[in-house]
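Input: a single structure, listed below in structure tokens.
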Amino acid sequence: MSAPFLWIFLPFILAGILSLLRNQKVITLIACIFTLLLTLAAWLLPLDTVMTIGGWSFKLTSSLNILGRRLVLGPADLSLLALIYGSAVVWFVAASVTKSARRLNSLGLAIVALLVAALAVEPFLYAALLIEMAVLLSVPLLFTPGKYPGKGLIRFLIFQTLAMPFILFSGWLLAGIDANPGNLGLVQQAAILIALGFTFLLAIFPFHSWIPLLTEESSPITVGFILWMFPTVALFFGLGFLDHYSWLRDAPALNNILTTVGLLMVVSGGILAAFQKHLGRIMGYAVIMETGFSILTINLAKSVGLNLFLTLLIPRTLCLVVWALSLNIFKGHSPSLLLNDIKGLVRTFPFATSGLVLANLALAGMPLLAGFPSHQAIWGGLATSSYSIVIWALVGSLGLFFSAVRVMTAFSAAPEGAHWESHETVAQRVLLSIGFIALFLLGLFPQWVLPLWTKLPAIFSHLGQ
Amino acid sequence: MITILNWTALLIALITSVGLLLQRDWRVGLGLLATQYLSIFWLVQIHWPVSMAAGKLVTGWMACAVLGMAQLSNSNTEESEAAWPQGRLFRLFTAGIITAATFGLSLRASNWLGLSLPVAWGSLLLAGMGLLHLGFSAQPFRVVLGLLTVLAGFEILYAAVESSTLVAALLSAINLSLALAGAYLVTMSKEGQT
Numbered sequence: 001m002s003a004p005f006l007w008i009f010l011p012f013i014l015a016g017i018l019s020l021l022r023n024q025k026v027i028t029l030i031a032c033i034f035t036l037l038l039t040l041a042a043w044l045l046p047l048d049t050v051m052t053i054g055g056w057s058f059k060l061t062s063s064l065n066i067l068g069r070r071l072v073l074g075p076a077d078l079s080l081l082a083l084i085y086g087s088a089v090v091w092f093v094a095a096s097v098t099k100s101a102r103r104l105n106s107l108g109l110a111i112v113a114l115l116v117a118a119l120a121v122e123p124f125l126y127a128a129l130l131i132e133m134a135v136l137l138s139v140p141l142l143f144t145p146g147k148y149p150g151k152g153l154i155r156f157l158i159f160q161t162l163a164m165p166f167i168l169f170s171g172w173l174l175a176g177i178d179a180n181p182g183n184l185g186l187v188q189q190a191a192i193l194i195a196l197g198f199t200f201l202l203a204i205f206p207f208h209s210w211i212p213l214l215t216e217e218s219s220p221i222t223v224g225f226i227l228w229m230f231p232t233v234a235l236f237f238g239l240g241f242l243d244h245y246s247w248l249r250d251a252p253a254l255n256n257i258l259t260t261v262g263l264l265m266v267v268s269g270g271i272l273a274a275f276q277k278h279l280g281r282i283m284g285y286a287v288i289m290e291t292g293f294s295i296l297t298i299n300l301a302k303s304v305g306l307n308l309f310l311t312l313l314i315p316r317t318l319c320l321v322v323w324a325l326s327l328n329i330f331k332g333h334s335p336s337l338l339l340n341d342i343k344g345l346v347r348t349f350p351f352a353t354s355g356l357v358l359a360n361l362a363l364a365g366m367p368l369l370a371g372f373p374s375h376q377a378i379w380g381g382l383a384t385s386s387y388s389i390v391i392w393a394l395v396g397s398l399g400l401f402f403s404a405v406r407v408m409t410a411f412s413a414a415p416e417g418a419h420w421e422s423h424e425t426v427a428q429r430v431l432l433s434i435g436f437i438a439l440f441l442l443g444l445f446p447q448w449v450l451p452l453w454t455k456l457p458a459i460f461s462h463l464g465q
Numbered sequence: 001m002i003t004i005l006n007w008t009a010l011l012i013a014l015i016t017s018v019g020l021l022l023q024r025d026w027r028v029g030l031g032l033l034a035t036q037y038l039s040i041f042w043l044v045q046i047h048w049p050v051s052m053a054a055g056k057l058v059t060g061w062m063a064c065a066v067l068g069m070a071q072l073s074n075s076n077t078e079e080s081e082a083a084w085p086q087g088r089l090f091r092l093f094t095a096g097i098i099t100a101a102t103f104g105l106s107l108r109a110s111n112w113l114g115l116s117l118p119v120a121w122g123s124l125l126l127a128g129m130g131l132l133h134l135g136f137s138a139q140p141f142r143v144v145l146g147l148l149t150v151l152a153g154f155e156i157l158y159a160a161v162e163s164s165t166l167v168a169a170l171l172s173a174i175n176l177s178l179a180l181a182g183a184y185l186v187t188m189s190k191e192g193q194t
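In the order they appear, the protein sequences are chains A and B. Numbering (the working numbering) for the first sequence: 1 to 465. Numbering (the working numbering) for the second sequence: 1 to 194.
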């Protein structure tokens, strides 16, 4: 058996089978157990080594040929697979206490499989095609049947689709540069096309408008999943470009471009989050801000390595899951997610309220919470190059912090004499409580996830050095 | 003879893409899109084997069929665009600008990529008209028409530089999936309204 079959084709086939089933509990159980097994397999199984279990021996080969192209999942990719499938388990478990579980588990598994294929395909430029397929598969996931498709979904579809031609065409130019590295005109054209492709793919300003719109109009847990999955894979895809092409990595303008773009996303995301009146939109702007931080850390990779980029991933996943789950609970019980409509809900939904505020504060880089260690390291790294950059980054974080304060104020504006009670289900309370504990534990003991970070940089042969 | 056919294909692409921009009836729109795929087939087969180019034609027509079936069940609920501007004269004017701009670009592109002018112009024209279409509408059906047109334009250009079977297969799958996604949005949103 080959690794691509195990981590790409098998989940894709299972996703198809799950979409035929009706029982939500069965679907959730199968999806969670299967994804957990894939995570454990990625963590424990060696590749290209003969293993014997009982009387049965088998070897997990790392590549699979399809129509002249290869899907390769080497030993270095296993920790990334563990991270992706492990995070998918967390999302599927969180979704199990919402009404979106059935669609998220089946379509989500297929999306994860396609995006893993995007990271595995060689030549890696074909990833753009697989990412586009995952985007198209996300449409039924993000759309609420019976409602008219919102602007966010339509823009998501348009912008993500437009990314593909730019990246594919840049691939052709890059092949030309490999053959003729001295052609500066070709280098410039390729760089412009890559930049345009990733501007669409990563929802970089001014093509970011679909994120807050989508978080406003779709189910928070499904949007959260999409906003975690797509930027993460797109960032790894982008790092693949940097790792593969030395002229791009060493381009003098790259530092300035990455700093400007990253800072623009952090500052605009943070400041706009501070002035939002819709809880979903705040989460959307927080995601934009986080993508900005990731771009800033890519810029720091030359001096401090990829560790900063990687340390953001697990806290971000955790924060988004807790945030999206809390929002989902409110969406089911409140007329809308506008600040005016959620006033005083802390008395009736204490767990969801705490989850939302803690996740918001953690992404703002609040001490003792999961986001703090990574954000503090980023601020420190940025300060070594320029104080003005770190001040602007802090302005963005302050904006997100201010939004958390506004949300907290709205939640606590309960009428006098209102009683404390919990309207969340037992399962929701348990999951959110685990989330709180994890948010604090990751803030206090960030070194606990170090084993993952130490293996991950090996994916990139140049950047990971 | 071949050159005349290339220019004819370009003319068809121009007429159908402008027509897509101006028409309000979905039946006419799908007819124009289906005709557009004929010109795409011709412009692609210049660089690809006819059998592979025919794949594009078949995929395009299948996409039209999928969208048509979705619209057929909901033909009575064509929403009007809330966005401005709606005038046909304005759309025609902007289409004219795109035609002129893409002609200018295609002169450079044909030199740069070593393509014939009809191929370069046809590709850029369709991509430009598709983008214009996307700018004019937020209705799922029309957005999908716009995206299919943009992708068609890109595919003509890309066919000249890449002839991989896997890429052709994946692009066809994307075209079909896009049509299916559009059909899903059209059907499911209307179903809920009735």
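We put the beta carbon where it would ideally sit given N, CA and C, even for glycine.
Could you spell out the range, first to last residue, of the alpha helix (DSSP H) harbouring W42 of chain B?
From DSSP, the alpha helix (DSSP H) with W42 of chain B extends over W26 to Q45.
Residues that S63 of chain A bridges to, as DSSP identifies them:
Answer is A:V72, bridged to S63 of chain A.
Range of the contiguous alpha helix (DSSP H) that encloses M51 of chain A
Careful: M51 of chain A lies outside any alpha helix (DSSP H), inside the beta strand (DSSP E) at V50 to I53.
Classify K59 of chain A as buried or exposed, calling it buried when 16 or more other Cβ atoms lie within 10 Å of its own Cβ.
exposed
Could you tell me the distance, in whole angstroms, from the CA atom of Q193 of chain B to the CA atom of T144 of chain A?
Caution applies to Q193 of chain B, whose pLDDT of 49 falls short of 50 and renders its modelled position unreliable; the value that the coordinates give is listed next. In a straight line, the C-alpha of Q193 of chain B is about 12 angstroms away from that of T144 of chain A.
Please confirm whether A109 of chain B has its beta-carbon closer than 8 angstroms to some beta-carbon of chain A.
no
Pull out every residue of the stretch 67–90 of chain A whose Cβ sits closer than 7 angstroms to any Cβ of chain B, in chain order.
Listed by position along the chain: L67, G68 and R69.
Within a Cβ cutoff of 6 angstroms, which residues of the same chain sit near S219 of chain A, ignoring the five residues on either side of it in sequence?
S100
Comparing the C-beta of Y466 of chain A with each C-beta of chain B, is any distance below 8 angstroms?
This structure gives no information on residue 466 of chain A, because the portion of chain A shown stretches from 1 to 465.
Looking at the C-beta of M229 of chain A, does it have a partner C-beta in chain B at a distance below 8 angstroms?
no
Here's the rule I'm using: 16 or more other beta-carbon atoms within 10 Å means buried, otherwise exposed. How should P123 of chain A be labelled?
exposed
Give a yes or no on whether the C-beta atoms belonging to S39 of chain B and I2 of chain B are separated by under 8 angstroms.
no
Which residues in chain B have a C-beta closer than 9 angstroms to the C-beta of W172 of chain A? List them in chain order.
Y158, V161 and E162
For V97 of chain A, three-class secondary structure by DSSP:
coil
Count Cβ pairs between the stretch 149–164 of chain B and the stretch 119–126 of chain B that sit closer than 8 angstroms; are there 3 or more?
yes
For the stretch 232–250 of chain A, which residues have a CB atom closer than 8 angstroms to at least one CB atom of chain C, in sequence order?
Note that chain C does not occur in the displayed structure, where the protein chains are A and B.
Express the C-alpha separation of I98 of chain B and G29 of chain B in angstroms, rounding to a whole number.
19 angstroms
Three-state class that DSSP yields for H333 of chain A in the structure shown:
helix
Any idea what DSSP makes of V405 of chain A, helix, strand or coil?
helix
Per DSSP, what kind of secondary structure is Q193 of chain B in: helix, strand or coil?
Residue confidence for Q193 of chain B is low, a pLDDT of 49 falling below 50, so the modelled location carries little weight; the figure read from the coordinates is stated next. It is helical.
Three-state secondary structure assigned by DSSP to E290 of chain A
helix
8 angstroms Cβ cutoff, A65 of chain B in contact with chain A
no
Residues that F143 of chain A contacts on chain B, provided the C-beta gap is smaller than 7 angstroms:
L185 and M188
Over what stretch of residues does the alpha helix (DSSP H) that includes W210 of chain A continue unbroken?
W210 to E217
Please say whether L83 of chain A and V233 of chain A have beta carbons closer to each other than 8 angstroms?
Not in contact: V233 of chain A and L83 of chain A (Cβ atoms no closer than 8 angstroms).
Against chain B: residues of the stretch 5–39 of chain A by CB proximity under 7 angstroms:
Answer set for the stretch 5–39 of chain A: empty.
If you check the beta carbons only, do A404 of chain A and V346 of chain A fall under 8 angstroms apart?
no
Going along chain A in order, which residues have a C-beta closer than 8 angstroms to the C-beta of I174 of chain B?
L129, E132, M133, L136 and M164
Would you kindly check if the distance between the Cβ of G381 of chain A and the Cβ of V304 of chain A is under 8 angstroms?
Going by C-beta atoms, V304 of chain A is nearer than 8 angstroms to G381 of chain A.
According to DSSP, is H244 of chain A part of a helix, a strand, or is it coil?
helix
So what's W448 of chain A in DSSP terms, helix, strand or just coil?
helix
Check whether the stretch 41–57 of chain B touches the stretch 115–122 of chain B, taking contact to mean three or more Cβ pairs, one atom from each stretch, closer than 8 angstroms.
Yes, since at least three Cβ pairs between the stretch 41–57 of chain B and the stretch 115–122 of chain B fall closer than 8 angstroms, the two stretches touch.
According to DSSP, W56 of chain A sits in a beta bridge with which residue or residues?
A:I53
Selected residue, minimal CA-CA separation from F141 of chain B, among B:A183, B:F93, B:L32 and B:A34:
B:A183
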